[in-house]
Structures are given as C-alpha cells and as structure tokens.
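Structure record follows, encoded as structure tokens.
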Amino acid sequence: MRLWTVQHRAILDSLKTDGELVGDWDRLLVSSYRPAYEEMVAEMTRRGLDCRGRPPVWAWLGRDTRDNAVAVTAELLLSPETDEEYARYVVLDLDVPDEMVVLSSYGRWNDFMEAIFLGEGPATMNWSIDRDELAGVQACSPRVLAGHVRSARPLEPFDPAQDS
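Here you go:
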C-alpha cells in the first residue's frame with residue numbers, strides 16, 4: 048500500500064541504525080492526545096496488529112505527490128513557519144504491506160478526538176470509511192521498516208506558483 052508521512056529528520060538515522068521507525072509516547076506533539084492514540088492502538092490490536100505498547104506511526108493514503116497537497120497537509124499538522132522549522136522534517140514515500148496498516152477516516156478521527164477533549168457526546172470512534180471520505184484517509188502502522196521507504200525528501204513549504 049502506498050503511503051506518505053512527514054517525520055522529524057532524525058528518523059532517517061533511526062531507520063539506518065535500527066532498520067525501523069516506531070512510535071514513542073514521549074514524542075507526541077500534544078501529550079493530551081494520548082487517550083485518542085491509545086484507542087487507535089486498541090483498534091489495531093483488535094485487527095491483529097501489535098504496536099508493542101507504543102503509539103502507531105501515522106501516515107496518509109497514497110504516494111508522495113511532491114506538490115502542494117502534501118505541503119498543505121504537513122503545514123496544517125505541524126505549523127512550520129521558518130526555513131529552520133521546515134528543515135526539521137522529511138517526507139517519506141512508503142510502500143507498506145496492506146496487512147501492516149489500519150485505515151480510517153480523518154474526519155471521523157477528528158470528531159472522535161473532539162468528543163474526548165470537549166466531552167461533547169460519546170467518545171466512540173466510527174471506524175468505517177464512506178466513499179466520499181476517500182480523499183481524507185489516514186493510515187496507521189505499528190512500524191515502518193527501512194525497506195518500506197521508497198524515497199525521502201525535505202519538507203518544502205506551500206508554493207503558490209504551483210497553483211497558478
């Protein structure tokens with residue numbers, strides 16, 4: 048399955064030395080997200096994927112298109128502003144076996160997280176993906192092996208010239 052993800056550039060060293068990229072609870076961008084992430088881990092376990100007590104590696108369905116679609120998604124999630132902040136990240140184009148991935152709706156995931164944080168309604172995740180949500184599918188895997196990485200490149204900012 049073709050996926051792409053944005054990660055801190057230090058993971059390139061981890062991929063070389065350890066042969067894999069795995070999640071780490073201490074590296075969550077927002078620690079209050081942990082209850083939601085733990086539910087993702089539980090769902091992955093129900094589907095036969097063992098995260099070994101760690102959070103999953105998050106990615107997006109599809110290949111790295113090397114265009115503004117990737118840049119906008121990364122900017123919304125990470126909010127880099129300076130050249131130095133962009134330089135911290137790399138975009139990985141991945142080819143991960145289907146059986147190592149759980150797909151879910153990013154929109155439904157955000158609804159689930161909102162219910163957890165704001166206490167509005169039951170905090171239960173709807174794991175289905177409707178046909179109209181196919182453009183917003185997130186992918187989670189317990190790990191990404193070095194052999195799954197097709198390419199790595201620096202994260203580049205949104206380029207208005209691409210859209211003209």
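The opening residue of the sequence shown carries number 48 in my numbering; numbering runs sequentially from there. Beta carbons are placed, not taken as given, at the ideal position from N, Cα and C, and that holds for glycine. If you're wondering where the values come from, they're calculated on a predicted model, not measured in any experiment.
- Note on geometry: alpha-carbon atoms of residue 80 and residue 207 lie some 32 Å from one another.
- Within 10 angstroms of the beta-carbon of residue 100 lie fewer than 16 other beta-carbons, which makes it exposed.
- With a cutoff of 7 Å on beta-carbon distance, residue 50 and residue 186 are scored as near each other.
- Under the three-state reduction of DSSP output, residue 186 falls in the strand class.
- Close CB contacts of residue 193 within its chain, under the 6 Å cut and outside five residues either way in sequence, are with 62 and 66 (chain order).
- Counting C-beta atoms within 10 angstroms of its own C-beta, residue 103 has 16 or more neighbours from the protein chains shown and is therefore classed as buried.
- From the listed residues 74, 77 and 89, the smallest Cα separation to residue 149 is found for 89.
- Residue range 149-152 is occupied by the beta strand (DSSP E) that includes residue 151.
- Looking at the DSSP output, residue 54 sits in a beta bridge with 137.
- Annotated as proximal: residue 53 and residue 121, with beta-carbon spacing under 7 Å.
- Using a Cβ distance threshold of 7 Å, residue 204 and residue 98 do not count as a contacting pair.
- Bridge pairing for residue 105: 187 [DSSP].
- With 16 or more other Cβ atoms inside 10 Å of its own Cβ, residue 195 counts as buried.
- Within the same chain, 176 and 180 come within 6 Å of residue 152 by CB-CB distance, once the 5 residues on both sides are set aside.
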